[in-house]
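The block underneath contains the structure these notes are about, expressed in structure tokens.
There are 2 protein chains.
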Amino acid sequence: MTAPRAHRAAPDHTHPDHVPLLTALSALADPVRLRLVRELDGCADWERTCGSFDVPVGKAALSHHFATLRAAGLVEQRDAGPKRLNRLRRAEFDARFPGLLDLALRPDPQQPA
Amino acid sequence: MTAPRAHRAAPDHTHPDHVPLLTALSALADPVRLRLVRELDGCADWERTCGSFDVPVGKAALSHHFATLRAAGLVEQRDAGPKRLNRLRRAEFDARFPGLLDLALRPDPQQPA
DNA sequence: CCGAGTGTTCGACCAGAATCATACACTCAA
DNA sequence: TTGAGTGTATGATTCTGGTCGAACACTCGG
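First to last, the sequence lines map onto chains A and B.
Position one of the first sequence corresponds to residue 1 (the UniProt record's numbering), numbered consecutively onward.
Position one of the second sequence corresponds to residue 1 (the UniProt record's numbering), numbered consecutively onward.
Here's what the structure looks like:
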């Protein structure tokens, strides 16, 4: 009857509405996180697990980056078994910071990477 | 006849078009620089000298912040006697990063400062 | 009840950025 | 030519943030 009880602590999210501008800018001003956001943008919601991203850092750092993205209101996470699925908060984040996400996702002419 | 020769090295600028996205975001993701940009926005071009800004840092740090802003294509400087006048590169920067400057200048509901 | 897979937490380390105090360079006016 | 005003450069210090390795927690399938 009841939904499956969560034995694992749910990740703490911050809604974009409550995110300071400096936090949002800092979150995006990192090459690894920018790459995560961009890669996430190419996929459907709840499609990607944390470990499925092609970034040159270890598990620990990756986990930390996702925590930063959650705190900045950029990413939402949901537990699915042992994995954790991700979703880019496009609409909410864009409502709080109009145009910023578009800017981050647009290919950068000055960044050949 | 000739224009007054520059005895002082002219500050090195970077046009917004040549600024990587990460550089622009990092430049704005700092409380002091954000304040400089905002304060500069309230004034006419070439109106403010470097020392005329109300920020809680010493001269050296302030000079460094202006160098960062120049490198990010956000600010242009011109020598005027012993002083150095500043101008916010609104149009050029907005053309390169549409909406970003507006976002930085908009009052932040989550930042009571 | 294990064991593999996934992600987090902890501690430490390191690189880069921000800051300061000091010294320096330049410009203008007296 | 001197002095006040303005900004930069240098070196040292401090602090923040990104990173890793290892240990831990949780889930699911055998």
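Virtual Cβ for every residue (Gly too), placed ideally from N, Cα, C.
Look at Val75 of chain A here: in three-state DSSP terms it is strand. With respect to Arg90 of chain A, Pro11 of chain A sits apart: the two C-beta atoms are not nearer than 9 Å. Here the C-alpha atom of Pro20 of chain B lies approximately 6 Å from the C-alpha atom of Gln111 of chain A. For the pair His7 of chain B and Val57 of chain B, the Cα-to-Cα distance works out to about 28 Å.
Cβ-Cβ separation between Ala104 of chain B and Leu22 of chain B: approximately 16 Å, too far for a contact (criterion under 8 Å). Membership of Arg33 of chain B in the alpha helix (DSSP H) is indicated by the continuous run Pro31 to Asp41.
At a beta-carbon threshold of 7 Å, the residues of chain B lying near His18 of chain A are Gln110, ordered along the chain. Using a Cβ distance threshold of 9 Å, Gln77 of chain A and Cys43 of chain A do not count as a contacting pair. From the beta-carbon of Gly99 of chain B, the residues of chain A found nearer than 8 Å are Pro98, Gly99, Leu100, Asp102 and Leu103.
In this structure, Phe97 of chain B sits away from Pro31 of chain B, with a CB-CB distance that is not shorter than 9 Å. Secondary structure at Thr49 of chain A: strand, using DSSP grouped into helix, strand and coil. Look at Leu40 of chain A: its C-beta is not under 9 Å from any C-beta on chain B. Around Ala60 of chain A, no beta-carbon contact reaches into chain B at under 9 Å, the shortest distance being about 23 Å.
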